[in-house]
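Enquirer: The following block contains the structure, expressed as structure tokens.
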Amino acid sequence: MEPESDSLEASETRRLFGHRLARIAAAWRREIDIDLRTFGLTDATWRPIYYLNFSATAMRQTDLARSLSLEAPSLVRLLDVLEKRGYVVRETDEEDRRSKLVSITDEGRQVAALVSRVADEVTARLTAAISDQELDECGRVLDRVEQAVQAHRELASPAPSPRRDTGAGEEE
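Our numbering numbers the first residue of the sequence shown as 276 and each following residue consecutively.
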């Protein structure tokens, strides 16, 4: 093959990698969602419980919304439902009274345990034909992609600019 063809092929391989990764992630979540529907849980209801269960402390609503890729108003409506079911509680953040902190209840932890069990069953089903060695190798590749994402975010975030006093008496 000519170098240009190799370059084009590599580009196509990389483009497909991202597309496949996103498609597989969505399909995986759908599999978990289908299995959890028998327990009256939907993607919208189990995901916040699952995320909150991993948090050692209460989480700000805005951070939870970002983690779940949800708009704040959508999360508020969802948290209303989860709070009525007794799975979460919301309290005012003492450090920033405009913010709400969300934490999981004991009943919510029981639901999170169910979600984890179902997620483990889906994982076992979807990876049954894949060796541990292959999964380890894939995990290393995904770790490198995740590190690249983090490095890009750090480079892309603007450095704080020095504050300049522009008082009325200052000349330029």
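Here a beta-carbon is modelled for each residue, glycine too, at the ideal position from N, C-alpha and C.
From the DSSP output, which residues share a beta bridge with K375?
Expert: For K375, which the question treats as bridged, DSSP gives the partners T367.
Enquirer: Can you tell me which of R384, F314, E396, F292 puts its alpha carbon nearest to the alpha carbon of P323?
Expert: With distances taken between Cα atoms, P323 lies closest to R384.
Enquirer: Quick check on E429: buried or exposed, where buried means 16 or more other Cβ atoms within 10 Å of its Cβ?
Expert: Exposed, because fewer than 16 other Cβ atoms sit within 10 Å of the Cβ of E429.
Enquirer: What is the DSSP secondary structure of R335, reduced to helix, strand or coil?
Expert: DSSP places R335 in strand when its eight states are reduced to three.
Enquirer: What distance in whole Å lies between the Cβ atoms of V363 and S378, which are believed to be in contact at a cut-off of 8 Å?
Expert: The Cβ separation is near 7 Å, so the contact holds.
Enquirer: On a Cα-Cα basis, can you pick out the residue from T367, D395, E346, Y325 that is closest to T380?
Expert: For T380, the nearest C-alpha among the options comes from Y325.
Enquirer: Smallest Cα separation from V386: which of L353, R372, N328?
Expert: For V386, the nearest C-alpha among the options comes from N328.
Enquirer: Would you kindly check if the distance between the Cβ of A340 and the Cβ of A331 is under 8 Å?
Expert: Contact: no.
Enquirer: Can you grab the Cα-Cα spacing for the pair T313 / A431, in whole Å?
Expert: When rounded, the distance between both Cα atoms is 43 Å.
Enquirer: Please give the ranges of any alpha helix (DSSP H) in the stretch 381 to 427, keeping only runs that are unbroken, at least 4 residues long and fully inside the region.
Expert: With a minimum length of 4 residues, the continuous alpha helix (DSSP H) runs that stay inside the stretch 381 to 427 are 381 to 401.
Enquirer: Just checking, does the stretch 402 to 417 make contact with the stretch 359 to 374 on the three C-beta pairs under 8 Å criterion?
Expert: Cβ pair count under 8 Å is below three, so no.
Enquirer: Short check: CB of D310 to CB of R335, under 8 Å?
Expert: No, these two residues do not count as a Cβ contact at 8 Å.
Enquirer: Decide if I299 is buried, meaning its Cβ has at least 16 other Cβ atoms within 10 Å, or exposed.
Expert: That one is exposed.
Enquirer: Which one of A333, R372, T320, E366 has the shortest CA to CA distance from L350?
Expert: Per the Cα distances, T320.
Enquirer: Can you tell which of T337, E287, P433, G315 has the C-alpha that lies nearest to the C-alpha of D371?
Expert: With distances taken between Cα atoms, D371 lies closest to T337.
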